[in-house]
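Peer 1: Take 0 as the starting number for the sequence shown in numbering that gives the first Met the number 0 and just add one per residue. The C-beta atom is built at its ideal place from N, Cα and C for all residues, glycine as well.
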Amino acid sequence: MSSASQTLTGRLGVHPEATQGKSRSTRAQRWDRLVVMTTTPPRAVAASASDLRKTYGAGDSEVRALDGVTIDFNQGEFTAIMGPSGSGKSTLMHCLAALDTPTGGSVVVDGVELSTLNDKALTTLRRERVGFVFQSFNLIPTLTAKENILLPVDLAGAKPDQEWFDQVIGAVGLADRLGHRPNQMSGGQQQRVACARALVSKPSIVFADEPTGNLDSTSGAEVLGFLRRSVDEFGQTVVMVTHDAVAASYCDRVVFLRDGRIVDELRSPSRETIGEHMTALQVGSAPGGDL
Ligand code: ADP
């Protein structure tokens with residue numbers, strides 16, 4: 000056995016002698032399996048927070064909006080952040096997205112520690128590496144859908160990638176609305192414009208703050224369906240704050256906050272399991288254990 004394979008088997012906890020005495024082809028097959036096991040990379044982290052703290056006020060009036068949040072958001076995953084009102088969801092998202100400055104701890108986006116950046120670098124990071132979708136759409140009323148979508152690319156002084164633009168427009172189903180202004184579109188169409196705008200600069204991560212909060216259920220489903228597709232088909236990373244179990248059930252993972260702390264997490268959530276966990280949060284304990 001080569002030293003490389005000894006190192007490999009050692010790392011995997013397989014004793015090198017375990018393969019001795021086997022036929023050559025069996026050893027070769029085992030080697031192939033080991034190589035596959037060790038070369039499948041773990042998912043890279045798009046953004047992370049470490050012991051993140053945000054305090055408002057001081058003394059008796061001190062509010063700990065974030066009280067030591069540590070979390071990774073893997074690339075190509077759709078994560079929902081849920082929790083009761085006042086639990087710190089918006090504060091966490093704003094700190095992650097470089098829209099707010101934490102009191103303590105650190106945030107890393109796309110490998111960059113935010114506290115090392117000056118204002119100009121933060122603006123560039125927000126424009127080029129982060130996409131935003133807000134509850135209130137935040138489109139510029141005097142611009143057409145196409146102009147709104149291309150605004151971040153224009154502001155960056157970059158040339159739009161036509162192929163990518165066409166792909167995103169196709170995915171959000173807006174090809175026949177590109178010349179319309181926001182007031183000529185439904186709420187669902189406006190939010191799909193906002194989603195396309197968030198994706199067009201190929202950000203490392205998209206933050207969506209209650210993206211379906213102003214939409215009826217049909218339009219909401221279209222927007223969530225698009226965010227889901229952006230993860231599945233384009234490998235996008237999406238983090239969404241929501242209070243809606245239906246919206247969160249589109250996600251790969253739900254993280255629950257209470258009193259500025261992460262107190263629970265679900266993978267492959269269903270509407271029912273999310274509902275149960277939210278109910279438990281309101282009464283103070285998670286299903287199956289204390290929080
Ligand atoms: P959520 O999004 O879960 O409703 P927030 O992140 O908005 O919660 O707020 C978390 C806590 O921080 C709440 O107690 C809220 O009142 C407080 N808070 C948020 N922003 C401010 C602020 N600018 N000044 C004082 N307290 C704030």
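(1) Give me the residue from 130, 163, 161 and 177 with the minimum Cα distance to residue 151.
(2) How many Å lie between residue 169 and residue 60 at the Cα?
(3) When you compare the stretch 70-81 with the stretch 238-254, are there three or more beta-carbon pairs, one atom per stretch, that lie closer than 8 Å?
(4) Are at least three pairs of beta-carbons, each pair with one atom in the stretch 92-104 and one in the stretch 43-56, less than 8 Å apart?
(5) Give the secondary structure of residue 137 by DSSP, where H, G and I count as helix, E and B as strand, and everything else as coil.
(6) Quick check: the stretch 235-244 against the stretch 262-278, are there 3 or more CB pairs under 8 Å?
(7) State buried or exposed for residue 6, treating a residue as buried only when at least 16 other CB atoms are found within 10 Å of its CB.
(8) Answer yes or no: do residue 154 and residue 126 have a C-beta to C-beta separation smaller than 8 Å?
(9) Am I right that residue 135 and residue 213 are in contact with their C-beta atoms under 8 Å? What's the rounded C-beta distance?
(10) Residue 116 by DSSP, collapsed to three states: which one?
(11) Among 123, 147 and 43, which residue has its Cα nearest to the Cα of residue 96?
(12) Around the ligand ADP, what residues have a beta-carbon under 6 Å from a heavy atom of it, in chain order?
(13) Under 8 Å Cβ to Cβ from residue 185, same chain only, skipping five residues before and after it: list those, please.
(14) Between the stretch 158-167 and the stretch 198-211, do three or more beta carbon pairs fall short of 8 Å?
(15) Return helix, strand or coil for residue 21, following the three-state DSSP convention.
(16) Is residue 67 closer than 8 Å to residue 257 when the C-beta atoms are compared?
(17) Give me, in chain order, the residues of the same chain whose beta-carbon lies closer than 8 Å to that of residue 105; leave out the 5 immediate sequence neighbours on both sides.
(18) With distances taken between CB atoms, is the gap from residue 222 to residue 236 smaller than 8 Å?
(19) Thinking C-beta only, is residue 145 closer than 8 Å to residue 306?
(20) Given a cut-off of 8 Å, decide if residue 140 and residue 180 are closer than it, judged by their beta-carbon atoms.
(21) Leaving out the 5 sequence neighbours to the left and right, which residues in its chain are closer than 7 Å to residue 70 when beta-carbon positions are compared?
(22) For residue 87, which residues in the same chain have their Cβ closer than 7 Å to its Cβ, ignoring the five residues on either side in sequence?
(23) Figure out for me which residue from 172, 203 and 209 has the closest Cα to the Cα of residue 192.
(24) Could you please give me the residues that DSSP links to residue 263 through a beta bridge?
(25) Closest to residue 263 by C-alpha separation, out of 58, 157 and 83, would be which residue?
(26) By the three-class DSSP mapping on this structure, what secondary structure does residue 81 have?
Peer 2: The relevant details are as follows:
(1) Of the candidates 130, 163, 161 and 177, the one whose C-alpha sits nearest the C-alpha of residue 151 is 130.
(2) Rounded to whole angstroms, residue 169 to residue 60 spans 50 Å at the Cα level.
(3) Yes, the stretch 70-81 touches the stretch 238-254.
(4) By the Cβ criterion, the stretch 92-104 is in contact with the stretch 43-56, since at least three pairs of Cβ atoms, one from each stretch, lie closer than 8 Å.
(5) DSSP places residue 137 in the coil class of the three-state scheme, outside both helix and strand.
(6) Yes: at least three Cβ pairs fall under 8 Å.
(7) Bear in mind that the predicted position of residue 6 carries a pLDDT of just 34, short of 50, making it unreliable; the figure below should be weighed with that in mind. Residue 6 is exposed by the Cβ-count criterion.
(8) Yes; because the gap between Cβ atoms is below 8 Å, this pair is in contact.
(9) Between residue 213 and residue 135 the Cβ distance is about 7 Å, and since that is below 8 Å, they are a contact.
(10) For residue 116, the three-state secondary structure derived from DSSP is coil.
(11) Looking at the Cα atoms, 123 is the closest of the given residues.
(12) Having a Cβ closer than 6 Å to some heavy atom of the ligand ADP are 55, 62, 64, 82, 84, 85, 86, 87, 88, 89 and 90.
(13) Cβ neighbours of residue 185 beyond the five flanking positions: 218.
(14) Short answer: they touch.
(15) Only weak support is given to the placement of residue 21: the predicted model assigns it a pLDDT of 44, under 50, and the value that follows is read from those uncertain coordinates. The DSSP-derived three-state label of residue 21 is coil.
(16) No, the Cβ-Cβ distance between residue 257 and residue 67 is not below 8 Å.
(17) Here the set comprises 48, 49, 50, 51, 112, 113 and 114.
(18) Not closer than 8 Å, so no.
(19) With the chain running from 0 to 290 in the structure shown, residue 306 is simply not present.
(20) Taking 8 Å as the Cβ cut-off, residue 180 and residue 140 qualify as a contacting pair.
(21) Leaving aside the five residues that flank residue 70 on each side, the residues in its chain whose CB is nearer than 7 Å to its CB run, in chain order, 47, 48, 254 and 261.
(22) The answer, listed in chain order, is 64, 65, 256 and 259.
(23) Measuring from the Cα of residue 192, the nearest candidate turns out to be 172.
(24) Looking at the DSSP assignment, residue 263 forms a beta bridge with 255.
(25) Here the closest residue by C-alpha is 83.
(26) Strand.
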